[in-house]
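K.L.:
Please see the structure below; I have some questions.
The structure is reproduced here in structure tokens:
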């Protein structure tokens with residue numbers, strides 16, 4: 001028996017919710033909703049007394065998986081490793097298929113976000129690049145070829 005019914009979302013904690021939201025909207029995600037949570041529910045789930053956070057829920061244009069961005073109002077956030085590489089334990093990357101990889105890379109570069117390394121091609125079937133997004137989040141962008 002499977003306990004999982006469907007994949008719902010990935011959650012990422014950020015310090016600057018507005019900047020992170022703008023980055024992902026710039027890639028083509030849509031804001032599904034925003035809000036704030038505090039009190040017994042969030043304290044119980046997170047295990048953090050006095051927790052209060054703002055949330056933005058984003059969805060992909062195809063209506064598939066969602067991305068939850070949250071920023072703690074209280075207590076103060078604890079910095080992560082903004083220069084984390086793919087071999088560091090934890091969330092490796094958030095990945096999105098794009099129609100034109102170079103155009104997507106150019107668009108995020110215009111906003112000040114750059115490649116982690118370069119654009120790779122795998123056996124003529126896919127092109128992919130890691131982009132270092134807001135607060136060090138690694139975003140994998142890939143384009144299907146052919």
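Numbering (our numbering), first residue to last: 1 to 146.
Note that CB positions come from ideal geometry on N, CA and C, so glycine has one too.
Since the model is a prediction, treat every value here as computed from it, not as a measurement.
1) In the DSSP assignment, what are the bridge partners of residue 31?
2) Leaving out the 5 sequence neighbours to the left and right, which residues in its chain are closer than 6 Å to residue 36 when beta-carbon positions are compared?
3) From the DSSP secondary-structure annotation, give me the bridge partner or partners of residue 72.
4) Rounded to a whole number of angstroms, what is the C-alpha to C-alpha distance between residue 21 and residue 2?
5) Quick check on this structure: which residue in 28, 18, 10 and 94 has the alpha carbon closest to the alpha carbon of residue 100?
6) For residue 13, list the residues DSSP reports as bridge partners.
7) Measuring only the C-alpha atoms, how far is residue 23 from residue 126?
8) Just to confirm the assignment, what range does the alpha helix (DSSP H) spanning residue 42 have?
P.N.:
Looking at the coordinates:
1) For the purposes of this step, residue 31 is identified with residue 31 of the chain shown, where counting begins at 1. Per DSSP, 58.
2) Indexing the chain shown from 1 puts residue 36 at position 36. Around residue 36: 54.
3) Your numbering for residue 72 matches position 72 in the chain shown. Residue 72 is bridged to 53.
4) Along the chain shown, read from residue 1 onward, the residue named residue 21 stands at position 21. Along the chain shown, read from residue 1 onward, the residue named residue 2 stands at position 2. Residue 21 and residue 2: Cα-Cα distance of roughly 33 Å.
5) To locate residue 100, count along the chain shown from 1; it is residue 100. The shortest C-alpha separation from residue 100 is found at 28.
6) Working through the chain shown from its first residue, we reach residue 13 at position 13. 70, per the DSSP bridge assignment.
7) Numbered from its first residue, the chain shown carries residue 23 at position 23. Numbered from its first residue, the chain shown carries residue 126 at position 126. Distance between the alpha carbons of residue 23 and residue 126: 23 Å.
8) Residue numbering aside, residue 42 sits at position 42 when the chain shown is read from its first letter. Element bounds for residue 42: 40-46.
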